[in-house]
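K.L.:
Okay, handing you the structure first.
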Amino acid sequence: MNGPRPDGEPRPGRRGRADFGPDLAEAFAGQSAGLCGAGVPGALWLTTGLHTGDVGFTVEVHEEAPPLAEGWEDVVEVSFRPVSDGTRLVRWAWEDTWELDLAETDYRVRYCAMGMDAAHRKDTRLDEEPRLDCCLLQFWPAAPAPDRVVRPTSRMAAYWHGHARELPPPPTPADRADAGRRARRAQEEAEKERELAYERWAWGGRSPSPALREADGNVLGLIDFDAPLVHAIDAAGPAVQRAVALLAARRACEAAGLAELDRIAAGLAAVTEGRPLPPPLDDSERAWRAFDADPGLPHRTVRRAVPPERPPFQAPAGDEVCLPVPAPEPTAWIVGPAADRAKEPGPSEEPAPEPTRATGYKLWATIGAPGPSLPVSQPHMVLPALLGAGESDPLRAALDAVFAAVAAYGEDCPTLLREVWSACERRW
Numbered sequence: 002m003n004g005p006r007p008d009g010e011p012r013p014g015r016r017g018r019a020d021f022g023p024d025l026a027e028a029f030a031g032q033s034a035g036l037c038g039a040g041v042p043g044a045l046w047l048t049t050g051l052h053t054g055d056v057g058f059t060v061e062v063h064e065e066a067p068p069l070a071e072g073w074e075d076v077v078e079v080s081f082r083p084v085s086d087g088t089r090l091v092r093w094a095w096e097d098t099w100e101l102d103l104a105e106t107d108y109r110v111r112y113c114a115m116g117m118d119a120a121h122r123k124d125t126r127l128d129e130e131p132r133l134d135c136c137l138l139q140f141w142p143a144a145p146a147p148d149r150v151v152r153p154t155s156r157m158a159a160y161w162h163g164h165a166r167e168l169p170p171p172p173t174p175a176d177r178a179d180a181g182r183r184a185r186r187a188q189e190e191a192e193k194e195r196e197l198a199y200e201r202w203a204w205g206g207r208s209p210s211p212a213l214r215e216a217d218g219n220v221l222g223l224i225d226f227d228a229p230l231v232h233a234i235d236a237a238g239p240a241v242q243r244a245v246a247l248l249a250a251r252r253a254c255e256a257a258g259l260a261e262l263d264r265i266a267a268g269l270a271a272v273t274e275g276r277p278l279p280p281p282l283d284d285s286e287r288a289w290r291a292f293d294a295d296p297g298l299p300h301r302t303v304r305r306a307v308p309p310e311r312p313p314f315q316a317p318a319g320d321e322v323c324l325p326v327p328a329p330e331p332t333a334w335i336v337g338p339a340a341d342r343a344k345e346p347g348p349s350e351e352p353a354p355e356p357t358r359a360t361g362y363k364l365w366a367t368i369g370a371p372g373p374s375l376p377v378s379q380p381h382m383v384l385p386a387l388l389g390a391g392e393s394d395p396l397r398a399a400l401d402a403v404f405a406a407v408a409a410y411g412e413d414c415p416t417l418l419r420e421v422w423s424a425c426e427r428r429w
């Protein structure tokens with residue numbers, strides 16, 4: 002809505018967010034009529050006398066030009082063509098909308114008003130107060146033609162006609178096309194900058210190398226614990242990466258008390274000597290079956306390793322591109338048969354009876370990341386560390402082995418990470 006300026010003269014309409022529609026200068030540029038702005042394709046700006054409150058408003062769609070009724074004080078005509086199959090009459094700031102069911106064709110539009118000066122002087126109308134101005138908007142199919150003032154009466158309409166005639170000419174189609182190209186380029190650049198900023202945040206403050214991008218495995222899980230260490234492992238080279246993988250696998254085995262088990266010792270020896278893992282460790286499914294069936298497997302748990310908190314992602318300053326931020330991949334904390342052993346923590350109790358038709362039972366379900374107090378099977382973190390250390394790619398071997406060893410160490414994982422840092426730094 003448009004209303005009076007502080008000095009008593011009518012004032013140009015205000016503009017809110019960009020999606021509220023065209024601004025005043027765009028809508029009326031190049032026109033001689035100042036009440037109905039059609040300067041932006043697919044949009045009309047309609048001026049009323051009242052600044053705040055409801056006005057009487059009627060919309061009519063005709064098959065041909067209707068006769069101009071007596072009583073309307075201010076009348077203008079413009080040409081208009083919808084740019085979609087959904088044309089709506091929109092209240093200021095999208096407070097309400099009404100579908101007009103207009104076809105995508107050329108229309109002539111007649112905008113009629115009465116009582117504009119009285120409404121302008123009132124400025125604000127409350128719901129229970131008498132209505133002062135009313136408007137009529139009429140559409141009918143017609144070829145494009147210049148806008149015109151059909152009937153001028155009110156002082157307020159005269160002001161808006163004069164304002165429209167003082168505006169600079171509207172942009173040419175070439176100008177609009179060029180502005181559109183510039184806007185698209187700016188959008189694309191903003192999207193790229195946001196994607197790069199999110200990538201740097203996800204990788205701990207810097208973009209990953211091509212090798213890290215292709216590493217897969219548990220690289221992003223380890224990033225949460227120590228992002229600089231991940232980049233240091235990447236930069237250390239294959240020899241150090243192999244040494245880090247072996248160190249992590251060995252420390253995981255020692256922490257869980259499994260280093261002396263025959264299969265585990267044979268696997269560590271193979272990794273140490275640069276040989277492929279021996280059976281059944283050369284096949285992950287067979288390795289898990291044999292591992293879980295081993296009678297010498299101790300039942301030991303550790304409290305889950307919890308990564309330090311880090312600030313949430315912040316979009317670049319001035320970024321108005323609304324892109325969905327991808328959700329981080331969930332990290333598998335309990336893998337293999339150990340997943341079947343996870344249960345809600347609580348006091349020790351007798352084993353639950355097998356459910357029968359007469360026996361009730363409870364099902365625990367966890368949504369999201371497990372709580373920091375949830376214990377995990379320490380021995381079952383050893384096998385991923387050993388299998389990871391045997392990976393053919395040195396970088397992935399190091400990252401997977403260190404991540405599994407972090408889980409095996411649990412709350413004491415900073416001790417392991419410090420030792421891995423020492424192994425990386427010794428390369429210099």
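Under our numbering, residues 2 to 429 are what the sequence shown spells out, in order.
Ideal placement from N, C-alpha and C gives every residue a C-beta, glycine not left out.
Got a sec: is the Cβ-Cβ distance from arginine 251 to anything in chain C below 9 Å?
P.N.:
The structure shown has no chain C; it contains just one protein chain.
K.L.:
In chain order, what are the residue ranges of uninterrupted alpha helix (DSSP H) at least 4 long that sit wholly in the stretch 20-60?
P.N.:
Whole alpha helix (DSSP H) segments, 4+ residues: 25-29.
K.L.:
For the stretch 383-400 against the stretch 256-265, do three or more pairs of beta-carbon atoms, one drawn from each stretch, fall closer than 8 Å, so that the two count as touching?
P.N.:
Judged by Cβ distances under 8 Å, the stretch 383-400 makes contact with the stretch 256-265, as three or more pairs qualify.
K.L.:
Per DSSP, what kind of secondary structure is valine 245 in: helix, strand or coil?
P.N.:
In this structure, valine 245 counts as helix in the three-state DSSP scheme.
K.L.:
Are the beta-carbon atoms of aspartate 107 and cysteine 37 separated by less than 9 Å?
P.N.:
Not a contact, by the Cβ cut-off of 9 Å.
K.L.:
Are there three or more Cβ pairs, one per stretch, closer than 8 Å when the stretch 46-64 is compared with the stretch 27-37?
P.N.:
Yes, the stretch 46-64 is in contact with the stretch 27-37.
K.L.:
Which one or two residues does DSSP pair with cysteine 113 in a beta bridge?
P.N.:
According to DSSP, cysteine 113 bridges with Val76 and Leu137.
K.L.:
Starting from proline 229, trace the alpha helix (DSSP H) in both directions and tell me its first and last residue.
P.N.:
Looking at the DSSP string, the run of the alpha helix (DSSP H) that includes proline 229 is 220-237.
K.L.:
If you draw a straight line from the C-alpha of alanine 228 to the C-alpha of alanine 28, how long is it?
P.N.:
Looking at the two C-alpha atoms, the distance is approximately 52 Å.
K.L.:
In three-state terms, what does DSSP make of threonine 173?
P.N.:
Residue state, collapsed to three classes: coil.
K.L.:
Distance check for alanine 244 and alanine 424, CA to CA, integer angstroms please.
P.N.:
The alpha-carbon atoms of alanine 424 and alanine 244 are separated by roughly 8 Å.
K.L.:
I'd like to check one pair, valine 220 with leucine 400: are the Cβ atoms closer than 9 Å?
P.N.:
Closer than 9 Å, so yes.
K.L.:
In three-state DSSP terms, what is tryptophan 99?
P.N.:
In the structure shown, tryptophan 99 sits in a strand (DSSP, three-state: E or B).
K.L.:
Along the beta strand (DSSP E) that carries arginine 89, what are the first and last residues, could you check?
P.N.:
Its beta strand (DSSP E) spans residues 89-91.
K.L.:
Please report the Cβ distance between proline 42 and valine 84, rounded to the nearest whole angstrom; I am assuming they are in contact, meaning their Cβ atoms lie under 8 Å.
P.N.:
With 8 Å as the limit, proline 42 and valine 84 qualify as a contact, their Cβ atoms being about 6 Å apart.
K.L.:
Helix, strand or coil: how does DSSP classify valine 150 here?
P.N.:
Strand, per DSSP.
K.L.:
Reducing DSSP to helix, strand and coil, say where threonine 125 ends up.
P.N.:
The answer is strand: DSSP assigns threonine 125 an E or B state.
K.L.:
How many whole angstroms separate the CB atoms of arginine 305 and valine 377, which I take to be in contact at a CB cut-off of 8 Å?
P.N.:
Sure, about 6 Å apart at Cβ, within 8 Å.
K.L.:
Report the residue from Ala94, Leu103 and Ala216 whose alpha carbon sits nearest the alpha carbon of aspartate 86.
P.N.:
That would be Leu103, whose Cα lies nearest to the Cα of aspartate 86.
K.L.:
Look at cysteine 113 and valine 56 and say whether their C-beta atoms are less than 9 Å apart.
P.N.:
No, they are not a contact pair.
K.L.:
In the DSSP assignment, what residue or residues form a beta bridge with proline 376?
P.N.:
Bridge partners of proline 376: Arg304.
K.L.:
How about the stretch 116-123 and the stretch 156-175: do they share at least three Cβ pairs that are nearer than 8 Å?
P.N.:
These segments touch.
K.L.:
State the Cα-Cα distance for the pair alanine 30 and histidine 162, rounded to the nearest angstrom.
P.N.:
When rounded, the distance between both Cα atoms is 11 Å.
K.L.:
Tryptophan 204 lies in the alpha helix (DSSP H); which residues open and close that run?
P.N.:
Segment: none, tryptophan 204 is in no alpha helix (DSSP H) and carries neither H nor E.
K.L.:
Considering only the alpha carbon of each residue, which of Gln315, Asp293, Pro277 and Asp284 lies closest to proline 395?
P.N.:
Nearest of Gln315, Asp293, Pro277 and Asp284 to proline 395, Cα basis: Pro277.
K.L.:
For the alpha helix (DSSP H) that valine 407 lies in, which residues bound it at each end?
P.N.:
Looking at the DSSP string, the run of the alpha helix (DSSP H) that includes valine 407 is 395-410.
K.L.:
Is glutamate 330 buried or exposed, if buried means 16 or more other CB atoms sit within 10 Å of its CB?
P.N.:
Because glutamate 330 sits at a pLDDT of 47, beneath the cut-off of 50, its placement in the model cannot be relied upon, and the following sentence gives the value as read from the coordinates. It counts as exposed.
K.L.:
Just the C-alpha distance for arginine 251 and alanine 257, rounded to the nearest angstrom, thanks.
P.N.:
Those two C-alpha atoms are separated by around 10 Å.
K.L.:
If you reduce the DSSP assignment to three classes, tell me which class valine 84 lands in.
P.N.:
If DSSP states are grouped into helix, strand and coil, valine 84 belongs with coil.
K.L.:
Give me, in chain order, the residues of the same chain whose beta-carbon lies closer than 7 Å to that of proline 380; leave out the 5 immediate sequence neighbours on both sides.
P.N.:
Cβ within range, chain order: Ala257, Leu259, Leu298, Pro299 and Arg301.
K.L.:
What residue range is occupied by the uninterrupted alpha helix (DSSP H) comprising arginine 287?
P.N.:
Start and end: 285-294.
K.L.:
How close, in whole Å, do the beta carbons of tryptophan 430 and arginine 109 come, if the pair is a contact with beta carbons under 8 Å?
P.N.:
The first residue shown for the chain is 2 and the last is 429, placing residue 430 beyond what the model contains.
K.L.:
With phenylalanine 404 and glycine 222 assumed to form a contact (beta carbons below 8 Å), what rounded beta-carbon distance in angstroms separates them?
P.N.:
Correct: roughly 5 Å between the Cβ atoms.
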